[in-house]
Amino acid sequence: MTQHTQPEDQTAAAATDTKTNSTQPDLNRRTAVKLVGGAVLLTGCAPMMQPMMSTAAPAAAPATPAPAAATPAAAPAATPAAAAPAATSTLGAFPAVGSTQLVQVGGKGVLLARIPAAQAGAASSGDVHLLALSDRCTHNGCGVQAAGTGAATAFNCPCHGSVFTLTGDVVKGPAVRPLDRVAVRIDGQNVFVG
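Read in order, the letters of the sequence shown are residues 308 to 501 in the numbering used here.
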C-alpha cells in the first residue's frame with residue numbers, strides 16, 4: 308500500500324496559498340464595508356450639518372465678490388444700500404419684557420429681545436428697551452432658540468446645551484463668550500437692525 312504524502316514544504320505552501328486567498332477577499336470586504344458604512348454615516352449626518360454649513364458659507368463668500376467690487380458694475384449696487392433701510396420690526400411686536408422675535412438681516416438671523424432695563428448697545432423708547440443679538444451660539448455656530456417667559460427668558464443652543472440670558476450672557480457652557488450683539492435703533496414705532 309502506497310501512501311501519498313506531500314512533503315512538508317508543499318503542505319506549508321498550500322496552507323499559505325489558502326490563507327493568502329482567504330485573506331485577500333476578506334480585506335476587500337472590510338474595505339467595502341468601511342466605505343459603505345462611512346457613506347451611510349455621512350448621509351445620515353447631512354441634515355444635522357446644514358445649520359453649520361449655512362454659517363460657513365457666508366464666511367467664504369466675501370472672498371469671491373472682492374474683485375468685483377473694483378469694477379464699475381459694483382458701484383450701482385452701493386446706491387440702493389445707501390437708501391434708508393426698511394424697518395425690521397415694530398415696537399408692537401414686544402408687548403412685555405422677555406418678548407423676542409427672530410428676524411433676518413442680510414441673510415443672517417438676529418434675535419430681538421425686550422429687556423427689563425436700558426443698557427449699552429440697547430435701543431430705548433420710553434420704557435421699551437430692545438437688544439439685538441446674533442442667533443448663532445458662540446461655541447459652534449448653531450442657531451439658538453428662545454425659551455421661558457418674562458425676564459427669565461433664555462436662549463438655548465440645541466446642539467451642545469449652552470444657555471444664554473435674555474441679554475446674551477452665558478449661563479451654561481460649553482460656550483464661553485456671550486452672544487454677539489448687533490446694532491439696533493428705534494425710530495418712532497419702527498425698529499431697525501444692522
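Quick reminder that beta carbons are idealized off the backbone N, C-alpha and C, glycines included.
| Query | Result |
| --- | --- |
| For V435, the first and last residue of its enclosing beta strand (DSSP E) | 435 to 441 |
| G495 CB to nearest heavy atom of the ligand ZN below 7 Å | By its list of ligands, the structure shown contains no ligand whatsoever, and the ligand ZN lies outside what it can speak to. |
| Closest residue to A420 among P481, C449, A459, G414 (Cα-Cα distance) | A459 |
| Proximity below 8 Å, CB of I422 to CB of A430 | no |
| Spatial distance of D476 from R492 (CA atoms) | 21 Å |
| Span separating the alpha-carbon of A403 from that of K341 | 55 Å |
| Close beta carbons around T445, own chain, < 6 Å, minus the five adjacent residues each side | A482, R484 |
| Neighbourhood of G455 by C-beta, 6 Å cutoff - its chain only, sequence neighbours within 5 removed | A461 |
| Coarse secondary structure for R484, derived from DSSP in three states | coil |
| CA-to-CA distance, P465 to L437, given in whole angstroms | 24 Å |
| Neighbourhood of A377 by C-beta distance below 7 Å, restricted to the same chain and skipping five residues each side | Because the pLDDT of A377 is 42, which lies under 50, any placement of that residue in the model is unreliable, and the number read from its coordinates should be weighed accordingly. Around A377: no qualifying Cβ. |
| Residues sharing a beta bridge with Q408, DSSP | L419 |
| Beta-carbon gap between Q496 and G399 smaller than 8 Å | yes |
| L398 - DSSP class collapsed to helix/strand/coil | helix |
| 8 Å contact criterion, which D442 and L473 should meet: CB distance rounded | Their Cβ separation, rounded to whole angstroms, is 14 Å, which puts D442 and L473 out of contact at 8 Å. |
| Sheet register partners of N463 (DSSP bridge) | Q452, V470 |
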